[in-house]
Structures are given as C-alpha cells and as structure tokens.
Amino acid sequence: MDDNDGVDGSLPPVVESRQLEDDLDSLRMLFTWLTGITIIVAAGIGYIVIKNWVQDSMVSGAPAELLANQAAFNQLIQLDEVDGLTGQGVTMCIVDSGIDMSHEALKNVNLAGWKDFIGNEAEAYDDQGHGTMMAGIIVAGDGMKSVAPNVELYVAKALAKNGSGSDTGVADAIDWCVGKGADIISLSLGGAPGIIPSAFEGSSSSSAARDAIDAGILVVAAAGNDGDDSSDDNVDSPGGEEDVICVGAVDKHGNLWAKSSKGDNNGNIWPVLLPRNDPDKKPELVAPGMDIPVILPDNRYGYASGTSASTAFVSGALALLLEDRPDLQHDGSAGGGATVENIKQWMMDSVHPKSGQTDHDDHYGYGMLQILALLDAANS
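Numbering follows this note's numbering, in which position 190 of the sequence shown is assigned residue number 216; successive positions increment by one, without gaps.
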C-alpha cells in the first residue's frame, strides 16, 4: 500500500485555512463583547492533515498506517482492554457540521435521526467535514476500531460550511437532541461566552446544556484550541458550564497538546465568573486530540488535531459506561440530574494524572481518560 503525503487539489473543501480560523476567532470575540451574541466554532477547524492514500482498486477499508496509529491511541485510554461493550442500547446525539453517510466506514451505521438547522435539508450531508470526522471516532467501522460503534446515533447540523454557527442554532440543536431521548450529547465546538446579555440571542447553548443535564443527559464539550494564545483565559462555552464535561487534548504519549485551552478556575470580578470546585474544575479531563486518525467526506481518511477529537473519545467512552450500567441512562432507575455529578466524580477518580500531578491542572484537568478504570469506578 503506497501513500502520498501531498494534498490532492480535487478534494472537497473540508480543510479551512489558519487565516480563516483567525478571522472566525476575531469575529466571535467582537460579537461577544459588543452584543453578547456568541459565535460557535468547530473546535478542530484548521488542524486537519489529509493523506491521499493510493490503494489497490480491490482493497477497501482504512489504510494500515491509520489503523496502527488508531491502535496506539486506543491503548493509551484503555479502550483495547474493554471487552464486549460497543455502546449498544445507548442514544448518542452529535451536534456538528453534519455527517457524510456515504463513507465506506459508516456503511453499517444506523442513523436513527437527522436534523439540519442550517439548510433544512431532509437528507444527511456534511459540507464542512468536521462532523463526519467526529462521528467516525465514535462509530466508524470497516476495519477502524471506533469507541462505541453500536450506539443509536442522531446527528444535528448546527455548523455551516465555514465551520461556524450561531449560539441559538446550537441551543436549538441541543433541545432537539433532548427531544430525541439522547443519553449523551457530544459538542465538538465552542465559543467565547457572552458578557452582556443580549435581547437578540434568545436561548443559549449554555442554558440548553443545563436543561439537558437537569434531565440526566450527559453533555460533553470541547475545551477549545487557544492554549498557545496569550489571551487564552478560559475554556470555550458551553464547556465552561458547571456540569458539562469539558475535554482537553493530549498526543499519543499522553503529553498535553500545546493548543488545548486552559480553564479559569479561580473566578473573576469581570466578566463575572465564580470560583470552580471539584469535580467541576475545567477542563475535567484530557483525551487523545493530536494527529487523530479520522474519516473524511468523499471516502477519504486523514488526521485531525483539536479538542474536538478529544470530546468524541470521551463521548464514546461514556456510551460504554451507560451500556455497562443502563440504570445510569437518563431514563434509567438511577438516572437523572444527580447521576451526572456521580459520573463526573468517577471520572475524576479514574483518570491518569500527568507525572507529578497531585491536584487539578488548569490545562490537564484531573488527568487523562482511562476507560477501564472508569468502568471499575462505576461498579465499585
């Protein structure tokens, strides 16, 4: 199997430039400060590497190099030690840029529901690529070892072709997920929280996330990709909400990805932010998020970096937990809003801290995701 590291000029426009990402960051900050309206951005845009693998025409499935790298990440978070759990019986809802169901790695995935909050299209699609990548981490097959391939999958498109969307659009998508009976809502996206309340904004993604959590639904969101920016002072919204599980990123050695955003856990007078307490300090944990093997629209494969990917890993891990403990699902005998806090405590107790870490770290959280240890903590 040969490969070519060059980017094929005929590829669909799934790779956004760094300049576009900077422009989107500037735009969302301007709107946030002046109007309180939050611009939501996919938390992985701009960090995508496409490898144009050349395969024999009779060969299908992910390239060997991709599978080898995926195996290393799965070992890092103990996924390779989990037997018999695939997310069966758990409802997962992804809010993102959509999903390309024509990809060979998704051919056995049952898409239970779809809603387009951008173009109102009846059939699932992904004109950006980000949502397909995130879905693939959770459910891809055809040789790929995804985290929870048998979840009941719902996808809400709330991000447009340029990777951005409105806070109200994401809020509406979260509400839709709740209405579909989601156990987990995966948000590989985020934006700077509003400072001045806006009469034009309506419902916000943060308040929608809180409502979902009150109903016993686990909400997982990206910390953001601003860790290398001197102005980075807090994780993105809605990841900063108290009971939202906020995820930072590490490489395949468990080292922090330099762009993973930090949490402000000490509080501020302005903008108003109360100090955070355990187990709600941000981010709560880290997971693989650098050079992650992903699927791409148009039946392609590649690598992506960002806390988006980390979010998908944690969402998938939680699906395994809820399959193992169905009583913890939002409508289970032990489900409900209080269960979310218990699960967060188990996560805090089961993660692997970095060398020398004894307490929460504003970048590394309580530690790195360890799926088998999480299952053990929930059953002890």
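Glycine included, each C-beta is placed from N, C-alpha and C at the ideal position.
Validate contact between the region 119-127 and the region 187-204 using beta carbons, cut 8 Å, 3 pairs: yes
Span of the beta strand (DSSP E) around A137: Counted from its first residue, the sequence shown places residue 137 at position 111. First, the amino acid is wrong: residue 137 is Leu here, not Ala. It spans L137 to D142 - the beta strand (DSSP E) in which L137 sits, taken as one unbroken run.
When M373, D375, G393 and M374 are compared against S381, the one with the closest alpha-carbon: The residue labelled residue 381 in the question sits at position 355 within the sequence shown. Of the listed residues, the one whose Cα sits closest to S381 is G393.
Coil, strand or helix - K183 by DSSP: Taking the sequence shown and counting its residues from 1, the one referred to as residue 183 is at position 157. Strand, per DSSP.
Any alpha helix (DSSP H) of 4 or more consecutive residues that is wholly inside the region 85-125: The qualifying runs are 90-102.
Three-pair Cβ contact test at 8 Å for the region 318-334 versus the region 150-167: yes
Beta-carbon proximity check, S123 vs L185, cutoff 8 Å: The residue you call residue 123 lines up with position 97 of the sequence shown. The residue you call residue 185 lines up with position 159 of the sequence shown. Yes. Within cutoff.
Cross-strand partners of S212 (DSSP beta bridge): In the sequence shown, residue 212 corresponds to position 186, counting from 1. Partner(s): I120 and V246.
Where S341 falls: helix, strand or coil (DSSP): Reading the sequence shown from its first residue, position 315 is the one you call residue 341. In the structure shown, S341 sits in a helix (DSSP, three-state: H, G or I).
Counterpart residues of H386 in DSSP-defined beta bridges: Locating residue 386 in the sequence shown gives position 360, counting from the first residue. The partner list for H386 (beta bridge, DSSP) is empty, contrary to what the question assumes.
For V312, the first and last residue of its enclosing beta strand (DSSP E): Here residue 312 corresponds to residue number 286 of the sequence shown, with the count starting at 1. From DSSP, the beta strand (DSSP E) with V312 extends over L311 to P314.
Of the residues H156, L401, G195 and V270, the one placed nearest D350, counting alpha carbons only: Position 324 of the sequence shown holds residue 350. It is L401.
Chain D contact for V245 (CB, 8 Å cutoff): Although the question refers to chain D, the structure presented lacks it and comprises just one protein chain.
Member of K278, G253, D237 and S287 whose CA lies at the smallest distance from the CA of E268: To locate residue 268, count along the sequence shown from 1; it is residue 242. Here the closest residue by C-alpha is D237.
Stretch-stretch touch, CB-based, cutoff 8 Å, three pairs: the region 307-315 with the region 85-103: yes
Whole-number beta carbon distance between G342 and G113, since they are thought to touch under 8 Å: The sequence position of residue 113 within the sequence shown is 87, counting from 1. The sequence position of residue 342 within the sequence shown is 316, counting from 1. That pair is a contact at about 7 Å.
Proximity of G253 and N260 at Cβ, strictly below 8 Å: As a first step, residue 253 is located in the sequence shown; it is residue number 227 there, counting from the start. As a first step, residue 260 is located in the sequence shown; it is residue number 234 there, counting from the start. It is not a contact, given that the beta carbons lie outside the stated cut-off.
Local conformation of Q396 per DSSP, three classes: Here residue 396 corresponds to residue number 370 of the sequence shown, with the count starting at 1. Three-state result, Q396: coil.
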